[in-house]
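K.L.:
Residues 5 to 891 (the numbering used here) make up the sequence shown, in order.
Take a look at the following structure, please.
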Amino acid sequence: MAEGHLTDGGIKKYAYQEIEEIYKELGTSPEGLDVHRVDAMRETYGANFFEQRKRDTLIRCLRRAFINPFTVILFVLGVISLVTDVVLASNFTRNETTAVIIFSMILISGIIRLIQEVRAKNAAQQLNRLIHESITVRRDGKLKEIPAEELVVGDIVLLSAGDRVPADIRLTAAHDLFVSQASITGESAIREKTCGVLSSDRPESTVQLENLAFMATTVISGKGEGLVLAVGKDTVYGSFAKEDADDKQSFHQGANSIAWVLLRFTAVLVPIVFILLWVTGGRWLESLAFALSVAVGLMPEMLPMVMAACLAKGSISMSRKQTIIKDINAMQGFGSMDVLCMDKTGTLTNESILLEYYMDVLGNESETVLDLAFLNSVHHAGVGNPIDNAILACQSMPGRERHFAELRTRYQKQDEIPFDYARKFISTLVTDQNGESQLIVKGDITQVVSRCRQVAFKQDILPIETDSLKSVSSVVDEMLEDGMKVIAVARKPMAGKSQILRSDEDDMILMGYLAFFDAPKKTAKTSVAALRKLKVAPKVLTGDQAKVAVSICRRVGIVPEKMLTGTDIDAMSDSTLREAVETTNVFAALTPGQKARLVSAMRQNGHTVGFLGDGINDIPALCEANVGISVDTAVDAAKDAADVVLLQKDLGVLEQGILEGRKTFTNMLKYIKITASSNFGNIFSIVCASAFLPFLPMTALQILLLNLLYDSLCIVLPWDKLDEEETLAPRDWSGKTLGRFMLSFGPISSLFDIATFLFLYYVLCPAFFGGATYLNLTDPVMKGKYVALFQTGWFLESMWTQVLILHFLRTRKIPFIQSSPSVPVMTVTLLGIVLFTVITFTPAAGIFGLTRLPLWYFLFLFVVVLLYMLLTTVVKTFYQKKYHELI
Numbered sequence: 005m006a007e008g009h010l011t012d013g014g015i016k017k018y019a020y021q022e023i024e025e026i027y028k029e030l031g032t033s034p035e036g037l038d039v040h041r042v043d044a045m046r047e048t049y050g051a052n053f054f055e056q057r058k059r060d061t062l063i064r065c066l067r068r069a070f071i072n073p074f075t076v077i078l079f080v081l082g083v084i085s086l087v088t089d090v091v092l093a094s095n096f097t098r099n100e101t102t103a104v105i106i107f108s109m110i111l112i113s114g115i116i117r118l119i120q121e122v123r124a125k126n127a128a129q130q131l132n133r134l135i136h137e138s139i140t141v142r143r144d145g146k147l148k149e150i151p152a153e154e155l156v157v158g159d160i161v162l163l164s165a166g167d168r169v170p171a172d173i174r175l176t177a178a179h180d181l182f183v184s185q186a187s188i189t190g191e192s193a194i195r196e197k198t199c200g201v202l203s204s205d206r207p208e209s210t211v212q213l214e215n216l217a218f219m220a221t222t223v224i225s226g227k228g229e230g231l232v233l234a235v236g237k238d239t240v241y242g243s244f245a246k247e248d249a250d251d252k253q254s255f256h257q258g259a260n261s262i263a264w265v266l267l268r269f270t271a272v273l274v275p276i277v278f279i280l281l282w283v284t285g286g287r288w289l290e291s292l293a294f295a296l297s298v299a300v301g302l303m304p305e306m307l308p309m310v311m312a313a314c315l316a317k318g319s320i321s322m323s324r325k326q327t328i329i330k331d332i333n334a335m336q337g338f339g340s341m342d343v344l345c346m347d348k349t350g351t352l353t354n355e356s357i358l359l360e361y362y363m364d365v366l367g368n369e370s371e372t373v374l375d376l377a378f379l380n381s382v383h384h385a386g387v388g389n390p391i392d393n394a395i396l397a398c399q400s401m402p403g404r405e406r407h408f409a410e411l412r413t414r415y416q417k418q419d420e421i422p423f424d425y426a427r428k429f430i431s432t433l434v435t436d437q438n439g440e441s442q443l444i445v446k447g448d449i450t451q452v453v454s455r456c457r458q459v460a461f462k463q464d465i466l467p468i469e470t471d472s473l474k475s476v477s478s479v480v481d482e483m484l485e486d487g488m489k490v491i492a493v494a495r496k497p498m499a500g501k502s503q504i505l506r507s508d509e510d511d512m513i514l515m516g517y518l519a520f521f522d523a524p525k526k527t528a529k530t531s532v533a534a535l536r537k538l539k540v541a542p543k544v545l546t547g548d549q550a551k552v553a554v555s556i557c558r559r560v561g562i563v564p565e566k567m568l569t570g571t572d573i574d575a576m577s578d579s580t581l582r583e584a585v586e587t588t589n590v591f592a593a594l595t596p597g598q599k600a601r602l603v604s605a606m607r608q609n610g611h612t613v614g615f616l617g618d619g620i621n622d623i624p625a626l627c628e629a630n631v632g633i634s635v636d637t638a639v640d641a642a643k644d645a646a647d648v649v650l651l652q653k654d655l656g657v658l659e660q661g662i663l664e665g666r667k668t669f670t671n672m673l674k675y676i677k678i679t680a681s682s683n684f685g686n687i688f689s690i691v692c693a694s695a696f697l698p699f700l701p702m703t704a705l706q707i708l709l710l711n712l713l714y715d716s717l718c719i720v721l722p723w724d725k726l727d728e729e730e731t732l733a734p735r736d737w738s739g740k741t742l743g744r745f746m747l748s749f750g751p752i753s754s755l756f757d758i759a760t761f762l763f764l765y766y767v768l769c770p771a772f773f774g775g776a777t778y779l780n781l782t783d784p785v786m787k788g789k790y791v792a793l794f795q796t797g798w799f800l801e802s803m804w805t806q807v808l809i810l811h812f813l814r815t816r817k818i819p820f821i822q823s824s825p826s827v828p829v830m831t832v833t834l835l836g837i838v839l840f841t842v843i844t845f846t847p848a849a850g851i852f853g854l855t856r857l858p859l860w861y862f863l864f865l866f867v868v869v870l871l872y873m874l875l876t877t878v879v880k881t882f883y884q885k886k887y888h889e890l891i
């Protein structure tokens, strides 16, 4: 932590100090820092970036590459092997091969993962170019643009509408400055900021202080200037941005659950093997070493490497499909996503909307209403939005250019209160050339009409009817049902006023309405249908009026059998809401906090939730979702909060991302489940053989070699093809399904292993020794050859069945006939069988205690493999009928 770190309490104290005192304390001035003091301030107070996001250190990359549940297990086993085989062993029995192989596996898989981390950082740099922030500062009295990362404590920063606040700041000037703090508080309200000194007896928390602006919050409207108090990790945002986000991703939870399943199997089998060998006459050190090899044999050693390869290939493929993955672990979220929440505008409809009608309270065309709306929009200091853009487009109406230019000249802005999600309208105070002021309001129909006491019709101002909303409905309902966006326009005379307060937004005169055409995208209906085909439930979470949302959703194929509004949601308890979200797919008139609450309710129901959003109001929901998805045109804060950034805001792009995520995840599952089940079968066979054979059925080194050879072939799995049906449903992993798979298919391997044991012990080996079995031999050399024949026979049977079963369990269909693997998978696996078999015919076989087998053994091996495949196919059929899945 930097020596000059400003704690939360330290920041808060500056809200109650005169700005001159703060300048003096920090050694700066209204003219900004002396450029020669910038480095010293950075050294004292820290730099303006988060280490884990902006400047990943080598230590962090190494930690992620080498530390995970599987490498930790292997490391522990390697240390134990080193102790038993090297440290405690005699000079004659000392053998470091097992430990070397284990540590080599950890090293190789970690290096591959590290390479992928570097690639991920390169992708992150591409993302940083999309969200590059530059800010305006004053240094030595001169204004200059600098990257946000170069900001230091003591700098003077200038803010304007649309800017994201780059640090924690004490405001020194503010003009109609309104800020959204949704990124740090989740609240929907827009807060006005001032620059005055606050009273020291105020009880507010730091984020409620109006003369402080905080990192990652967004300027909605107005302008401001301020002194930087804290940067980077010392900001309020930095205090929680550092927290690990793994709890919202199921990737690590799934990996941990699988690791625990394998550990439980190991905890049961290893002691059994050790006790059996010890009881049957083995020395405890040798028995422990072999039991240790059993533990290693049960582990899918190359899982970290295969996972890294799968994730890297998937992220590269997605980048080619207009999708940037900020964290490659988020790939799993795509694979298991079963609910996609999205806004309506820009996702289901076009980014831009068209102004269709401007009318009075009875629906007649009214240029007065258009003029008032134009004045409100043209003087709006906030971030541009589709409604304002559509209104301002009227300036190009033929023959009306001069009229709107005169309006801009005739009326000057005095003050404004920007839009927020509680009020749902914008207020602007304008004054004409005669000094007469009026408040102009436009926004949500219900909110605006509820604040009106009169209506304007032609030249008359009339008292509003008792049931005003009923009268409004008779005019606008038909347009809303046609999917048009309708807002209300009101005004209020403000004689002699140059500023407005929230209390001024009452007792207004309703002038009329504006109706906008919000057309669905041509691709929206097809994309929604594609999501449903992938068993991803689309749910619309929008701030728009309920009738508009329902109309648009019907057009794109989202049938709103049930619809809830923000008001409905506020009236529900958490348990009631959790039930309601299961049967509701359209939610309208929502605030940012309500969106986040809905996403949370879906997650609590066990769904893997994706949220697609691009605005400030979407940030709380993006943070709450399992997979936060944004677009390159989104506000910077939304892209920062997202896990995935789309380079094109189109559900079709997202559909491709989901498919790629499922392919990636399924190929990982293939390796995990098939390898763990076949390893379990082999180890279970060893347990059985250890109880009856007078020698070890396979040496510890041979078990490691078998696993290493098999796992090296599995590196090609990320390039395997997938059957279409494997991508039509969300994928998830858990220890429960892994254990079930292992217990279903592992014993099949054991059955044929035991048959091979019997054949080798009673047929093949005696055939070489005149009919004698191991117990009948007295010559140690002959016994050694007998054991080598036996172990080689089982080594080849295990290797053949383990590699070939990969082809039979990789698909629900009949392999090679109904479903063929990719060319790389077919080539590598079959070539691997040939090469590894050839090893036993070379001098290298002696290094591992293997020997040459007679050719007629391979006839037996062919029969065993054939029967094994047939029985596996039968069991696979019953397994799918019972559990409705395979991998």
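Yeah, the Cβ is synthetic: ideal placement off N, Cα and C, and Gly gets one too.
Every value quoted in this text rests on a predicted model; they were computed, and no experiment measured them.
Taking buried to mean at least 16 other C-beta atoms within 10 Å of its own C-beta, is F820 buried or exposed?
P.N.:
For this step, residue 820 is matched to residue 816 along the sequence shown. With fewer than 16 Cβ atoms within 10 Å of its Cβ, F820 is classed as exposed.
K.L.:
Ignore the nearest five residues each way along the sequence and tell me which others in G4's own chain have a CB closer than 8 Å to its CB.
P.N.:
Residue numbering for the chain in the displayed model covers 5 to 891; residue 4 lies beyond these limits and cannot be assessed.
K.L.:
With distances taken Cα to Cα, identify the nearest neighbour of G242 among A171, I719, T210, R142.
P.N.:
The count along the sequence shown starts at 1 and reaches residue 242 at position 238. It is A171.
K.L.:
DSSP on H611, reduced to helix/strand/coil?
P.N.:
By 1-based counting over the sequence shown, the position of residue 611 is 607. Coil.
K.L.:
DSSP puts K148 in a beta bridge; with which residues?
P.N.:
Counting from one through the sequence shown, the residue named residue 148 turns up at place 144. Answer is V141.
K.L.:
Could you tell me which residues DSSP puts in a beta bridge with T569?
P.N.:
Mapped onto the sequence shown, residue 569 falls at position 565. The partner list for T569 (beta bridge, DSSP) reads A592.
K.L.:
Less than 7 Å between the C-beta atoms of K16 and T210, yes or no?
P.N.:
Indexing the sequence shown from 1 puts residue 16 at position 12. Indexing the sequence shown from 1 puts residue 210 at position 206. In contact: K16 and T210 (Cβ atoms closer than 7 Å).
K.L.:
Looking only at its chain, what residues have a beta carbon closer than 6 Å to the beta carbon of R133, apart from the 5 residues adjacent to it on each side?
P.N.:
Walking along the sequence shown from the start, residue 133 turns up at place 129. Confidence at R133 is low in this model, with a pLDDT of 48, below 50, so the placement of that residue should be treated as unreliable; the coordinate-derived value is given next. Excluding positions up to five away in sequence, the list is empty.
K.L.:
Helix, strand or coil: how does DSSP classify R814 here?
P.N.:
Numbered from 1 along the sequence shown, position 810 holds the residue referred to as residue 814. Coil.
K.L.:
Taking a contact to mean a Cβ-Cβ separation below 7 Å, would you say N589 touches V613 in this structure?
P.N.:
Start at 1 with the first residue of the sequence shown, and residue 589 comes out as number 585. Start at 1 with the first residue of the sequence shown, and residue 613 comes out as number 609. Not closer than 7 Å, so no.
K.L.:
Just the Cα atoms here: how many angstroms apart are F688 and G547?
P.N.:
In the sequence shown, residue 688 corresponds to position 684, counting from 1. In the sequence shown, residue 547 corresponds to position 543, counting from 1. Taking the straight line joining both Cα atoms gives about 59 Å.
K.L.:
Name the residue from F763, R607, E509, A409 whose alpha carbon lies nearest to the alpha carbon of V867.
P.N.:
Position 863 of the sequence shown holds residue 867. When only C-alpha atoms are compared, the closest one is F763.
K.L.:
Considering only residues of the same chain and omitting the five flanking positions on each side of T668, which have a CB-CB separation below 6 Å?
P.N.:
Translated into the one-based positions of the sequence shown, residue 668 becomes position 664. Here the set comprises C314, G318, M335.
K.L.:
Can you grab the Cα-Cα spacing for the pair S108 / T101, in whole Å?
P.N.:
Here residue 108 is taken as the residue at index 104 of the sequence shown, counted from 1. Here residue 101 is taken as the residue at index 97 of the sequence shown, counted from 1. Cα to Cα, the separation comes out at about 10 Å.
K.L.:
To the nearest angstrom, report how far apart N389 and T222 are at their CA atoms.
P.N.:
Position 385 of the sequence shown, counted from the start, is the residue given in the question as residue 389. Position 218 of the sequence shown, counted from the start, is the residue given in the question as residue 222. Their Cα atoms are separated by approximately 15 Å.
K.L.:
Short of 6 Å in beta carbon distance, which residues of its chain neighbour D248, apart from the five on each side in sequence? Order them along the chain.
P.N.:
Indexing the sequence shown from 1 puts residue 248 at position 244. The predicted position of D248 is uncertain, since its pLDDT is 41 and thus under 50; a value taken from the coordinates is nonetheless stated next. Around D248: no qualifying Cβ.
K.L.:
Are the beta-carbon atoms belonging to V552 and K489 less than 7 Å from one another?
P.N.:
Position 548 of the sequence shown, counted from the first residue, corresponds to residue 552. Position 485 of the sequence shown, counted from the first residue, corresponds to residue 489. In contact: V552 and K489 (Cβ atoms closer than 7 Å).
K.L.:
Under a three-way DSSP split, which group does G357 fall into?
P.N.:
Here residue 357 is taken as the residue at index 353 of the sequence shown, counted from 1. Position check: residue 357 holds Ile in this sequence, whereas Gly was assumed. Residue state, collapsed to three classes: coil.
K.L.:
I need the straight-line Cα distance from W723 to P828, nearest angstrom please.
P.N.:
Within the sequence shown, residue 723 is the residue found at index 719, counting from 1. Within the sequence shown, residue 828 is the residue found at index 824, counting from 1. In a straight line, the C-alpha of W723 is about 7 Å away from that of P828.
K.L.:
Assuming A19 is part of the alpha helix (DSSP H), what are its boundary residues?
P.N.:
Taking the sequence shown and counting its residues from 1, one reaches residue 19 at position 15. It is not in any alpha helix (DSSP H) - A19 carries neither H nor E in the DSSP assignment.
K.L.:
Taking only the alpha-carbon atoms, compute the straight-line gap between T11 and Q185 and give it to the nearest angstrom.
P.N.:
Taking the first residue of the sequence shown as 1, we reach residue 11 at position 7. Taking the first residue of the sequence shown as 1, we reach residue 185 at position 181. In this prediction, T11 scores a pLDDT of 45, lower than 50, which makes its location untrustworthy; no coordinate-derived value is stated.
K.L.:
Can at least three beta-carbon pairs, one atom from the segment 549 to 563 and one from the segment 501 to 512, be found at a separation below 8 Å?
P.N.:
The segment 549 to 563 vs the segment 501 to 512: no contact.
K.L.:
According to DSSP, simplified to helix, strand and coil, what is L726?
P.N.:
Numbered from its first residue, the sequence shown carries residue 726 at position 722. Residue state, collapsed to three classes: coil.
K.L.:
Measuring only the C-alpha atoms, how far is S531 from L726?
P.N.:
As a working note, residue 531 is residue 527 in the sequence shown. As a working note, residue 726 is residue 722 in the sequence shown. Rounded to the nearest angstrom, the two C-alpha atoms are 22 Å apart.
K.L.:
Start and end of the alpha helix (DSSP H) containing L863?
P.N.:
Taking the sequence shown and counting its residues from 1, the one referred to as residue 863 is at position 859. Per DSSP, L863 belongs to the alpha helix (DSSP H) from 861 to 887.
K.L.:
Can the beta-carbon of M346 be found closer than 7 Å to that of L700?
P.N.:
Position 342 of the sequence shown, counted from the start, is the residue given in the question as residue 346. Position 696 of the sequence shown, counted from the start, is the residue given in the question as residue 700. Cβ distance not < 7 Å, so M346 and L700 don't count as in contact.
K.L.:
Do three or more CB pairs link the segment 644 to 657 to the segment 527 to 543 at distances below 8 Å?
P.N.:
Touching, per the Cβ criterion.
K.L.:
Are there 16 or more other CB atoms within 10 angstroms of the CB of P858, so buried, or fewer, so exposed?
P.N.:
Indexing the sequence shown from 1 puts residue 858 at position 854. Exposed, because fewer than 16 other Cβ atoms sit within 10 Å of the Cβ of P858.
K.L.:
Beta-carbon separation of Q660 and K325 under 7 Å?
P.N.:
Taking the first residue of the sequence shown as 1, we reach residue 660 at position 656. Taking the first residue of the sequence shown as 1, we reach residue 325 at position 321. Yes, the Cβ-Cβ distance between Q660 and K325 is below 7 Å.
K.L.:
Helix or strand or just coil, what does DSSP make of F772?
P.N.:
Here residue 772 corresponds to residue number 768 of the sequence shown, with the count starting at 1. DSSP places F772 in helix when its eight states are reduced to three.
K.L.:
Assess contact between the segment 784 to 798 and the segment 845 to 861, defined as three or more Cβ pairs (one per stretch) separated by less than 8 Å. Is contact present?
P.N.:
Because the criterion of three Cβ pairs below 8 Å is met, the segment 784 to 798 and the segment 845 to 861 touch.
K.L.:
Can you grab the Cα-Cα spacing for the pair E889 / L721, in whole Å?
P.N.:
Indexing the sequence shown from 1 puts residue 889 at position 885. Indexing the sequence shown from 1 puts residue 721 at position 717. Between E889 and L721, the C-alpha separation is close to 20 Å.
K.L.:
The alpha helix (DSSP H) that contains S454, what's its start and end?
P.N.:
Along the sequence shown, read from residue 1 onward, the residue named residue 454 stands at position 450. Looking at the DSSP string, the run of the alpha helix (DSSP H) that includes S454 is 449 to 454.
K.L.:
In angstroms with no decimal places, state the Cα-to-Cα distance between K273 and L267.
P.N.:
Taking the sequence shown and counting its residues from 1, the one referred to as residue 273 is at position 269. Taking the sequence shown and counting its residues from 1, the one referred to as residue 267 is at position 263. Checking the sequence, you will find Leu at residue 273 rather than Lys. Cα to Cα, L273 sits roughly 10 Å from L267.
K.L.:
Between L632 and I690, what straight-line distance do the alpha-carbon atoms span, to the nearest angstrom?
P.N.:
Sequence index remark: in the sequence shown, residue 632 carries index 628 (1-based). Sequence index remark: in the sequence shown, residue 690 carries index 686 (1-based). It should be pointed out that residue 632 corresponds to Gly in this sequence rather than to Leu. Roughly 47 Å between the two C-alpha positions.
K.L.:
Starting from M363, follow its DSSP beta bridges and name the residues at the other end.
P.N.:
Residue numbering aside, residue 363 sits at position 359 when the sequence shown is read from its first letter. DSSP, once it has assigned bridges, lists E369, Y517 as partnering M363.
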